[in-house]
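Here is the structure we will look at, set down as structure tokens.
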Amino acid sequence: MSGPDPVTRPDPDVADHSPAAPARAVEVLIPLPLPEPYDYAEPPGLDLAPGDLVRAPLGPRSVVGVVTRVREMVGVNRPLRPLEGRLEAPALPERTLAFVQWAARYGADVPGAALALALRGLRHPPPRPVPRLIASGLVPPRLSPGRARVLDLASTPRTRGELAKEAGVSSAVVGALIAAGALTPAPALAAPWPRPDPDHRPAALNPSQAAALAGLERQTGFAVTLLDGVTGSGKTEVYLEAAAGVLRADPEAQILILLPEIALTAAALARVEARFGAAPAAWHSNIAGPRRRAVWEAVAGGAARIVVGARSALFLPFRKLALIVVDEEHDEAYKQEDGFIYQARDMAVARGKIEDAPVILASATPSLESLWNARQGRYGWLRLTDRHGGAVLPEVELVDLRQTPPDAGRWLSPPLVQALVLTLQRGEQSLLFLNRRGYAPLVMCRACGERLKAPDSDSWLVEHRYRGRLVCHLTGFSMPKPQACPHCGARESLVSVGPGVERVEEEARSLFPEARIAVFSSDTTPDAASAQSLIDAMAAGEIDILVATQAAAKGHDFPNLTLVGVVDADVGLRGGDLRAAERTFQLLTQVAGRAGRRERPGRALLQSWAPDHPVMTAIAAQDRDAFAALELAEREAAGLPPFGRLAAVVLASPDPERLEAYARALAAAAPNAEGIEVYGPADAPLALIRGVRRKRFLVRADRNVDLQAFLTTWRARARPPSSVRLTFDVDPYSFL
Ligand code: ADP
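Converting from the sequence shown to the working numbering requires adding 1406 to each position, the first position being numbered 1.
Set out below in structure tokens:
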């Protein structure tokens, strides 16, 4: 921006004394659950515009907010508090703000709650770059060998610490060279956000992949495409080529690749870097604060072109978002359940619409919602039916536990044990899958029948033998396993009921004492690094039998894995919620898909007590379409998603009487609306968590009614007292 003409520039002293132009009123949205934006006065000279980030006083505090509107101070007759100033950060792009407001409305929540997600990167100060030094060419009066080594090294920029360390001198020696003018600050670093090169290492796509790519490239502007391809068919290759096409067309374009799990990001980052010759920006909750700030600013400023992240990356302030990929789109980890509640896959579609950018939903087992949208023609639908390079899908067989049960107190049936023996003999790897952490999901007293529960919650305590404790998976409460039953006092009466991964590991060790066996669960791999080292060990063939929860079901490629045993295929069917069958189908298909990804054919054995259940027969036949048709027909008959819509209304309070009273008041206040039914209130299945009691309503609505307007009207008619928390969960995934 060029300055004003010097001839007409007002003398600053005169300007200060002239009658000031009336201040403007600035509407600021604050990232807190407040009902609306607040008005402030614009301090002179700030010249704010919507999207600008400002510091504003809020009660005794100072908060960061975003300007949503600036207007002349007409009709404002109360004095407004002045803003404190503008934040040193790029403004929030207009479309990001529009998205935040849209997402809040969809969730029947206040915009400030969604904004908190979009401004999460700003909570930390920007990283301070360590200044680097370079030789100025000036020769100091005394040139000792140490000084000479430093100057030699400083022909390329290095920090003070690096120079001292590498030259083997003290920091004082470097200091003296600075004082003498022989070392000067080096110009700023080259951009830390290298540009991805779309032609760095393009993939040679096979014909069906090339056809899918052509399908994607026909899209311009907003369009949603379901990339529906079996595991190993090359969906990742295809969407990376689509990203390359976007970058070729516009080098300033930005691309977002969403993944459901932090554990998957390391592999994805490496793959993007290999393809484009430049590391993408990573975004998830394990990224350190200052780094997050740097990524946030680079995304807002446009320097970060490719972002690989977990669900909250969807709220980053992209300047020119030109493609969104949601990988493993069916994964329920895309649903954020606390704080601001949202489903990142669905919100990605909304964001794509606002940004006028295409959205790719990729999965081997798409959600029924996406399949249905594809069938209706609302989404494009590209299918990859074969594994790349002729790798074959595994044979899936059901083991009928009624016919061939395991021995008493054991969990692996004779056919599965036999398959493990053969796999070990061939020097290949096996995966035993059981989606239950710990040793046993329940501890019971043989004398009185008591099931041990946490003192302040409704869930059973899970026995963890490694840690020697009983743990509540809901709240993290834990205690040592007692010697006697806490209920009847009987000694030695507590028995472990059912298997967890630790118990299956114990059984595998007793069967195969020579085998190398490891457990993969969030207990054995608490962070991304430990998960990665276990994955690496498995990929390197250092493990014969991996006993794993769903942490290992996703996306990893183990070339020598040829047997998958599903210990309890029925486990997901017992939940009885809306998506129980769908979840079971997806999970088991994904797990079975781990077997035999390369030249070796794989085998998957599913142990089931209900092998005639339609979900089981569809999985065994690997008949996704038959399963989807069955399940969609049931949902249609009941008006359930995707044919109708649901919202959960959850009330929580430590005070049971106030909770009851408010639940009654809310029930009485439900608006009468065509096409909407309200069920409840009922005690939540988990009615007590950490001493907080919970009640729920379930709302079912036809697709064409405004569910959000219904919810907000309802809340306005019966606002909760301060002792009760009211949460709306639109499109709920959890029914607990
Ligand atoms: P998906 O995402 O569908 O599971 P990937 O893209 O990960 O599949 O592909 C599976 C494996 O096959 C990967 O190791 C990938 O590099 C390889 N692959 C897929 N397509 C090709 C191709 N056209 N050329 C070379 N390797 C490929």
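Every residue gets a Cβ at the ideal spot worked out from N, C-alpha and C, and that includes glycine.
Give me the Cβ distance between residue i and residue j, rounded to the nearest whole Å; I'm assuming they're in contact under 8 Å.
i, j, result
"residue 1878", "residue 1863", "6 Å"
"residue 1559", "residue 1572", "5 Å"
"residue 1619", "residue 1644", "5 Å"
"residue 1735", "residue 1688", "The pair is not a contact, with the Cβ atoms about 20 Å apart (cut-off 8 Å)."
"residue 1569", "residue 1549", "Not a contact, Cβ separation roughly 15 Å."
"residue 2049", "residue 2042", "5 Å"
"residue 1446", "residue 1488", "6 Å"
"residue 1668", "residue 1690", "5 Å"
"residue 2009", "residue 2059", "Wrong, their Cβ atoms sit about 52 Å apart, outside the cutoff."
"residue 1926", "residue 1940", "6 Å"
"residue 1910", "residue 2015", "About 17 Å separates the two Cβ atoms, so there is no contact after all."
"residue 1433", "residue 1475", "4 Å"
"residue 1822", "residue 1699", "Not confirmed; about 50 Å, so no contact."
"residue 2106", "residue 2052", "6 Å"
"residue 1805", "residue 2013", "5 Å"
"residue 1840", "residue 1905", "6 Å"
"residue 1835", "residue 1968", "7 Å"
"residue 1710", "residue 1599", "5 Å"
By the DSSP assignment, the alpha helix (DSSP H) with residue i in it spans what residues?
i, result
"residue 1824", "1820-1831"
"residue 2087", "Run containing residue 2087: none in the alpha helix (DSSP H); it sits in the beta strand (DSSP E), 2082-2095."
"residue 2141", "Unbroken run through residue 2141: none, as it is neither H nor E."
"residue 1635", "Note, residue 1635: premise wrong, no alpha helix (DSSP H); beta strand (DSSP E) at 1630-1635."
"residue 1501", "1500-1512"
"residue 1440", "Counting along the chain, residue 1440 falls outside any alpha helix (DSSP H), and DSSP gives it neither H nor E."
"residue 2116", "2113-2123"
"residue 1430", "That residue, residue 1430, is in no alpha helix (DSSP H); its beta strand (DSSP E) goes 1430-1435."
"residue 2063", "2062-2075"
"residue 1461", "Per DSSP, residue 1461 belongs to no alpha helix (DSSP H); it is in the beta strand (DSSP E), 1459-1464."
What is the residue span of the beta strand (DSSP E) that residue i lies within?
i, result
"residue 1593", "First-last for residue 1593: undefined, no H or E at that position."
"residue 1641", "First-last for residue 1641: 1641-1655, but that is the alpha helix (DSSP H), not the beta strand (DSSP E)."
"residue 1611", "Unbroken run through residue 1611: none, as it is neither H nor E."
"residue 1527", "Where residue 1527 is concerned, there is no enclosing beta strand (DSSP E), given that its DSSP letter is neither H nor E."
"residue 2104", "2098-2108"
"residue 2057", "2050-2059"
"residue 1478", "1467-1478"
"residue 1539", "1538-1541"
"residue 1664", "1660-1664"
"residue 1672", "Run containing residue 1672: none in the beta strand (DSSP E); it sits in the alpha helix (DSSP H), 1668-1682."
"residue 1687", "1687-1689"
For the ligand SAM, any of its heavy atoms closer than 7 Å to the Cβ of residue i?
i, result
"residue 1793", "Ligands in the displayed structure: the ligand ADP; the ligand SAM is not one of them."
Just to confirm the assignment: which complete alpha helix (DSSP H) runs, minimum length 4, are found wholly within the stretch 1971-2042? 1986-1998 and 2020-2026
Please output, in chain order, the residues near the ligand ADP using a CB cut-off of less than 6 Å to any non-hydrogen atom of the ligand. 1609, 1610, 1611, 1612, 1615, 1635, 1637, 1638, 1639, 1640, 1641, 1642, 1643, 1794 and 1963
Completely contained alpha helix (DSSP H) runs for the stretch 1734-1795, where each covers 4 or more residues: 1750-1761 and 1774-1781
May I have a chain-ordered list of the alpha helix (DSSP H) segments no shorter than 4 residues that lie completely inside the stretch 1547-1601? 1551-1559, 1566-1573 and 1577-1585
Spell out a yes or no on whether the stretch 1722-1734 and the stretch 1747-1762 are touching, meaning 3 or more CB-CB pairs, one atom from each, closer than 8 Å. yes
Do the stretch 1840-1851 and the stretch 1898-1913 meet, that is, are 3 or more Cβ pairs less than 8 Å apart? yes
Segment contact flag, the stretch 2020-2037 with the stretch 2078-2092, C-beta cutoff 8 Å, min 3 pairs: no
At 4 residues or longer, what runs of the alpha helix (DSSP H) sit wholly inside the stretch 1693-1721? 1695-1707
Residue ranges of each alpha helix (DSSP H) run of no fewer than 4 residues wholly in the stretch 1800-1884, ordered along the chain? 1820-1831
Contact between the stretch 1732-1751 and the stretch 1676-1684: three or more CB pairs below 8 Å? no
Stretch-stretch touch, CB-based, cutoff 8 Å, three pairs: the stretch 1597-1617 with the stretch 1646-1655: yes
Run through the stretch 1893-1975 for me and flag every whole alpha helix (DSSP H) of 4 or more residues, listed as ranges in chain order. 1907-1917 and 1934-1945
Cβ pair count under 8 Å reaching 3, the stretch 1669-1677 against the stretch 1827-1836: no
Below 8 Å, how does it come out for the stretch 1624-1638 and the stretch 1784-1791: are there three or more Cβ pairs, yes or no? yes
Does the stretch 1491-1507 come within contact of the stretch 1516-1524, defined as at least 3 CB pairs closer than 8 Å? yes
Would you check if there are 3 or more beta carbon pairs closer than 8 Å linking the stretch 2065-2085 to the stretch 2109-2117? yes
Validate contact between the stretch 2065-2074 and the stretch 2134-2142 using beta carbons, cut 8 Å, 3 pairs: no
Spell out a yes or no on whether the stretch 2092-2099 and the stretch 1875-1893 are touching, meaning 3 or more CB-CB pairs, one atom from each, closer than 8 Å. yes
Answer yes if the stretch 1950-1970 comes into contact with the stretch 1927-1935, meaning at least three C-beta pairs across the two stretches below 8 Å, and no otherwise. yes
Three Cβ pairs or more, each shorter than 8 Å: is that satisfied between the stretch 1461-1468 and the stretch 1494-1504? no
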